[in-house]
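Colleague: Quick note, the sequences are listed as chains A and B, same order.
Here our numbering is used: the first residue of the first sequence is 1385, the next is one more, and so on.
Here our numbering is used: the first residue of the second sequence is 1385, the next is one more, and so on.
In this text, a Cβ means the ideal position worked out from N, Cα and C, and glycines have one as well.
Before anything else, here's the structure in question.
2 protein chains.
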Amino acid sequence: MSDVARHAGVALGTVSNTMNNPDKVSEATRRKVQAAIAELGFIRNDAARSLATGTSSTIGIVLADLSNSFFVDIARGADATARQHGMNLIIANSDVDLAKQSMNISLFEESRVAGVLLAPLDTAYVRGSATLLRSTPLVLVNFAAESGHYAGVVADEEHGGYEAAQHLIGLGRTRLAFLGGPLLLTAVAQRLEGARAAVAANPGVTLEHIETRGLNIPHGRHAGQDILARGAGTFDGLVAASDLLAVGAIQILDGKPGFDVPTDLAVVGYDNNHFASESAIPVSTISQHGEEMGRVAAQLLMNEIQGGPTTIKQTVVIKPDLIPRRSSLGDAWRRD
Amino acid sequence: MSDVARHAGVALGTVSNTMNNPDKVSEATRRKVQAAIAELGFIRNDAARSLATGTSSTIGIVLADLSNSFFVDIARGADATARQHGMNLIIANSDVDLAKQSMNISLFEESRVAGVLLAPLDTAYVRGSATLLRSTPLVLVNFAAESGHYAGVVADEEHGGYEAAQHLIGLGRTRLAFLGGPLLLTAVAQRLEGARAAVAANPGVTLEHIETRGLNIPHGRHAGQDILARGAGTFDGLVAASDLLAVGAIQILDGKPGFDVPTDLAVVGYDNNHFASESAIPVSTISQHGEEMGRVAAQLLMNEIQGGPTTIKQTVVIKPDLIPRRSSLGDAWRRD
DNA sequence: CTGAAAGCGCTAACAC
DNA sequence: GTGTTAGCGCTTTCAG
């Protein structure tokens, strides 16, 4: 930086000021300094800067699984509001690995980011590792903080499950199945609770839980075989805990006599996975609004960064919404 | 850190050593120090550390579009080899925005990462911004550096296009169409070249280019309408420049008389998009091996970080591979 | 605006 | 192993 100062024929402090307090520097000298910066290819050392100021203008987000478009949406939302506040967002991927998640958190902590957003692996696996961060502001995304120690934003999973089941019931379906598991995934358990609540509110409607070992397409295909074995007419409505599950089941069932989708069996998925609308039969789904969750989470983090540790740690709940498509509406649905 | 030293009853230098040169410290004192660290919740300040050493153990990757699973694969591959070398990988998303891309590069440059990987927006839009980085080692992914100033890893797009067309020709198809555009996307242009080369090598086979305005599903649907208008039998094989394009076209064409896929029209896509195997008709595709590209790119970067600026800037070419599925093989194909 | 200087938290080198 | 110290590149303050 002193090179720049010499090259521009100004004082070192003036160089610093043109970068940080441009209004304290006259138009003319500012341009001289910037010319020198460009000429020398000077790049300010952010490590030294944040050492000196004790602050940083970047925030980090730790994502459970980048392969899941839901998390990418969260990151995109967080990035948008971070930029609005003049901050940068950097991402670390835990890749469904608890050890990597811890490393990523430490990484951000040690590099003294202004704050961190954490979209952790599913709750059941995390509970217990209560103390996540002490000094750095931390906001949880898609995870309900137990202790109230952290601010956060979560989706109302139960509401989503309720909406899904209620949609099918509204279409006249009475013999429902809920596809999903394992139940130690709290999101799945809550979605099931919501579906049960909808059924309980509608006399004459039944719901059976078909537990799966996971939420991916192969699990859906496996469950599809089970449903097939139960015989046509056993169910006339299917709530799947994920879009992938729904697609897998549809791949097996649709076309088989007595299992036409949606005539014999109306299907609703969950997540609004990006390809759900492009699969063999576009899947009705529950959208969790990942991008909005990211925006809100980043906003909570900004509050905390500015407000200090006294800021109240609120948890914002985002309501998911139904997006009906062909798998439940049939020909009544049309693309766009 | 001096707090830790006092708390453990050792010298400041010893604390530094237990973290950086554990072998220079006796077992006993090392444990004392670590206990103090845990007790005080001490977190080493990486900004100060990298200021003092002039080095960093994290590398950054700037990705053109996180929504595209190809880039996520690249990041995953890079992360794997970075960890093998004891380094951390942080990600910044350009979100198909040139301005964000520049900001992200500067961000990493200023934070003095050990090196950066850049998977940039398509070449045509980037050419000209020749000087990307001076001081920080930089390796390009999925982009052919013109000047030889940067190391890089790219896919052999022409080979991919050749393979796709050759696959159809091998199946006895003779009236091919190539779907894709705009041609100022160099990847598309090169894939088309490859397809043309395959056709030229096989007398009696023809290929017509149907230009699209983009590579997404709606563009594919639009092109599908065009093909439909041309009448049944005009084409018997279709090479699409992306899986999304292929899916869109199939959505329109399959089922229409004379357009059964693959009987009347065999289709090959490109990218091995994660959902390509789960669409209405699983799409044959060309896989670019994103994860391997990421691994190789990170390895090149490691070489450069260790070897200094004298390291030769090589460009590694990864050959894409055909993954045949139902859209070209028909019933001969079985899942897995 | 200049010029000088203290200090951010750490590493690395020194004599003991 | 200890205790001390210079210095990484920047910000910030102060008198002029």
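Buried or exposed: L1567 (chain A), going by 16 or more other Cβ atoms within 10 Å of its Cβ?
Modeller: Start at 1 with the first residue of the first sequence, and residue 1567 (chain A) comes out as number 183. Classification for L1567 (chain A): exposed.
Colleague: Please report whether the beta-carbon of L1435 (chain A) lies at a distance below 7 Å from any beta-carbon of chain B.
Modeller: On the first sequence, residue 1435 (chain A) is found 51 positions in, with the first residue counted as 1. Yes - at least one Cβ of chain B is within 7 Å of the one on L1435 (chain A).
Colleague: Is D1705 (chain A) helix, strand or coil by DSSP?
Modeller: Locating residue 1705 (chain A) in the first sequence gives position 321, where the first residue counts as 1. D1705 (chain A): strand per DSSP, three-state reduction.
Colleague: Can we say the segment 1443 to 1450 of chain A touches the segment 1459 to 1475 of chain A, given the rule of at least three CB pairs closer than 8 Å?
Modeller: Verdict: yes, contact present.
Colleague: How would you list, in chain order, the residues of chain B whose beta-carbon sits under 7 Å from the beta-carbon of G1691 (chain A)?
Modeller: Here residue 1691 (chain A) refers to the residue found at position 307 when the first sequence is read from its first residue. Here the premise fails: no neighbours, minimum Cβ distance about 22 Å.
Colleague: Roughly how many whole angstroms lie between the Cα atoms of R1428 (chain B) and G1544 (chain B)?
Modeller: The sequence position of residue 1428 (chain B) within the second sequence is 44, counting from 1. The sequence position of residue 1544 (chain B) within the second sequence is 160, counting from 1. Near 48 Å, if we compare the C-alpha coordinates of G1544 (chain B) and R1428 (chain B).
Colleague: For a quick check, are the C-beta atoms of A1584 (chain A) and A1549 (chain A) less than 7 Å apart?
Modeller: Taking the first sequence and counting its residues from 1, the one referred to as residue 1584 (chain A) is at position 200. Taking the first sequence and counting its residues from 1, the one referred to as residue 1549 (chain A) is at position 165. No, Cβ-Cβ distance for A1584 (chain A) and A1549 (chain A) is not below 7 Å.
Colleague: How is the beta strand (DSSP E) around V1525 (chain A) delimited, first residue to last?
Modeller: Start at 1 with the first residue of the first sequence, and residue 1525 (chain A) comes out as number 141. That run of the beta strand (DSSP E) goes 1522 to 1525.
Colleague: Measure from the C-beta of I1725 (chain B) to each C-beta in chain A and report whether the shortest distance is under 7 Å.
Modeller: Summary: the structure shown does not reach residue 1725 (chain B), with chain B confined to residues 1385 through 1720, and so no result is reported for it.
Colleague: Of all the beta strand (DSSP E) runs that stay within the bounds of the segment 1637 to 1702 of chain B, which reach a length of 3 or more residues?
Modeller: 1650 to 1652, 1669 to 1671, 1699 to 1702, all fully within the segment 1637 to 1702 of chain B.
Colleague: Secondary structure at H1469 (chain A), three-state DSSP: helix, strand or coil?
Modeller: Within the first sequence, residue 1469 (chain A) is the residue found at index 85, counting from 1. Correct three-state label for H1469 (chain A): coil.
Colleague: Give the DSSP-derived three-state secondary structure of T1618 (chain A) in the structure shown.
Modeller: To locate residue 1618 (chain A), count along the first sequence from 1; it is residue 234. If DSSP states are grouped into helix, strand and coil, T1618 (chain A) belongs with coil.
Colleague: Would you report the Cα separation of H1658 (chain B) and L1447 (chain B), rounded to the nearest angstrom?
Modeller: Residue numbering aside, residue 1658 (chain B) sits at position 274 when the second sequence is read from its first letter. Residue numbering aside, residue 1447 (chain B) sits at position 63 when the second sequence is read from its first letter. So the two alpha carbons sit approximately 18 Å from each other.
Colleague: Excluding the five sequence neighbours on either side, which residues of its own chain have a C-beta within less than 7 Å of the C-beta of E1577 (chain A), listed in chain order?
Modeller: The sequence position of residue 1577 (chain A) within the first sequence is 193, counting from 1. The residues are E1542, G1545.
Colleague: Could you give the residue range of the beta strand (DSSP E) that holds R1559 (chain A)?
Modeller: Mapped onto the first sequence, residue 1559 (chain A) falls at position 175. Where R1559 (chain A) is concerned, the enclosing beta strand (DSSP E) stretches over 1559 to 1564.
Colleague: Would you list the one or two residues that DSSP bridges to G1499 (chain A)?
Modeller: Numbered from 1 along the first sequence, position 115 holds the residue referred to as residue 1499 (chain A). Bridge partners of G1499 (chain A): A:I1443.
Colleague: Under 7 Å, Cβ to Cβ, is there at least one residue of chain A near D1430 (chain B)?
Modeller: Here residue 1430 (chain B) is taken as the residue at index 46 of the second sequence, counted from 1. With 7 Å as the cut-off, D1430 (chain B) counts as an interface residue toward chain A.
Colleague: My output table needs one value for H1533 (chain B): the three-state DSSP class, helix, strand or coil.
Modeller: Here residue 1533 (chain B) refers to the residue found at position 149 of the second sequence. Residue state, collapsed to three classes: coil.
Colleague: Does the beta-carbon of T1647 (chain B) have 16 or more other beta-carbons within 10 angstroms, so that it is buried, or is it exposed?
Modeller: Position 263 of the second sequence, counted from the first residue, corresponds to residue 1647 (chain B). With fewer than 16 other Cβ atoms within 10 Å, it is exposed.
Colleague: What's the gap between the Cα of F1426 (chain A) and the Cα of A1420 (chain A)?
Modeller: Within the first sequence, residue 1426 (chain A) is the residue found at index 42, counting from 1. Within the first sequence, residue 1420 (chain A) is the residue found at index 36, counting from 1. C-alpha separation (whole angstroms): 8 Å.
Colleague: According to DSSP, what are the bridge partners of L1591 (chain A)?
Modeller: In the first sequence, the residue the question calls residue 1591 (chain A) occupies position 207. L1591 (chain A) pairs with A:L1560.
Colleague: Strictly below 9 Å CB to CB, what residues from chain A border S1519 (chain B)?
Modeller: As a first step, residue 1519 (chain B) is located in the second sequence; it is residue number 135 there, counting from the start. Within chain A, the residues near S1519 (chain B) are G1425, I1427.
Colleague: Is R1407 (chain A) buried or exposed, if buried means 16 or more other CB atoms sit within 10 Å of its CB?
Modeller: Your numbering for residue 1407 (chain A) matches position 23 in the first sequence. In the sequence under discussion, the amino acid at residue 1407 (chain A) is Asp, which differs from the Arg named in the question. The residue is exposed, with fewer than 16 neighbouring Cβ atoms inside 10 Å.
Colleague: Rounding to the nearest angstrom, what Cα-Cα distance links P1504 (chain B) and S1626 (chain B) in this structure?
Modeller: For the purposes of this step, residue 1504 (chain B) is taken as the residue at position 120 of the second sequence. For the purposes of this step, residue 1626 (chain B) is taken as the residue at position 242 of the second sequence. Cα to Cα, the separation comes out at about 18 Å.
Colleague: May I ask you to report which of helix, strand or coil DSSP gives N1477 (chain A)?
Modeller: To locate residue 1477 (chain A), count along the first sequence from 1; it is residue 93. Three-state DSSP puts N1477 (chain A) in a strand.
Colleague: In terms of alpha-carbon separation, which member of A:L1524, A:N1452, A:G1554 lies closest to L1502 (chain A)?
Modeller: The residue labelled residue 1502 (chain A) in the question sits at position 118 within the first sequence. Considering only alpha carbons, the answer is A:L1524.
Colleague: Just verifying my parser: in three-state terms, what is the DSSP assignment at A1585 (chain B)?
Modeller: If you number the second sequence from 1, residue 1585 (chain B) lands on position 201. The answer is coil: DSSP assigns A1585 (chain B) none of H, G, I, E or B.
Colleague: With a 10 Å radius around its C-beta and 16 neighbouring C-beta atoms as the bar for buried, classify S1663 (chain B) as buried or exposed.
Modeller: Along the second sequence, read from residue 1 onward, the residue named residue 1663 (chain B) stands at position 279. With 16 or more other Cβ atoms within 10 Å, it is buried.
Colleague: Looking at chain A, is there any beta carbon in it that lies within less than 7 Å of the beta carbon of G1512 (chain B)?
Modeller: Here residue 1512 (chain B) is taken as the residue at index 128 of the second sequence, counted from 1. Any reading at G1512 (chain B) must be qualified, since the residue scores a pLDDT of 49, below 50, and its modelled position is unreliable; no value is offered.
Colleague: Could you pull out every residue in the same chain whose Cβ sits closer than 6 Å to the Cβ of A1682 (chain A), ignoring the five residues on either side in sequence?
Modeller: Within the first sequence, residue 1682 (chain A) is the residue found at index 298, counting from 1. A1462, T1465, A1466.
Colleague: Within 7 Å of any Cβ in chain B, is that where the Cβ of L1491 (chain A) sits?
Modeller: Indexing the first sequence from 1 puts residue 1491 (chain A) at position 107. Yes, L1491 (chain A) counts as interfacial toward chain B.
Colleague: Would R1710 (chain B) pass as an interface residue toward chain A - the criterion being a Cβ-Cβ separation below 7 Å?
Modeller: Here residue 1710 (chain B) refers to the residue found at position 326 of the second sequence. Chain A contact via Cβ: absent.
Colleague: I want to see whether chain A comes within less than 7 Å of R1496 (chain B), judged by CB atoms only; does it?
Modeller: Translated into the one-based positions of the second sequence, residue 1496 (chain B) becomes position 112. It does: the Cβ of R1496 (chain B) has a partner Cβ on chain A nearer than 7 Å.
Colleague: Check whether the Cβ atoms of F1562 (chain A) and A1573 (chain A) lie closer than 7 Å to each other.
Modeller: Position 178 of the first sequence, counted from the first residue, corresponds to residue 1562 (chain A). Position 189 of the first sequence, counted from the first residue, corresponds to residue 1573 (chain A). The answer is no: Cβ separation not under 7 Å.
Colleague: Just curious, the alpha helix (DSSP H) that F1426 (chain B) is in, first and last residue?
Modeller: Start at 1 with the first residue of the second sequence, and residue 1426 (chain B) comes out as number 42. Segment: none, F1426 (chain B) is in no alpha helix (DSSP H) and carries neither H nor E.
Colleague: Starting from the N-terminal side, write out each stretch of the alpha helix (DSSP H) that is 4 residues or longer and does not extend beyond the segment 1386 to 1429 of chain B.
Modeller: If we require 4 residues or more, the alpha helix (DSSP H) runs fully inside the segment 1386 to 1429 of chain B come out as 1386 to 1392, 1396 to 1404, 1411 to 1424.
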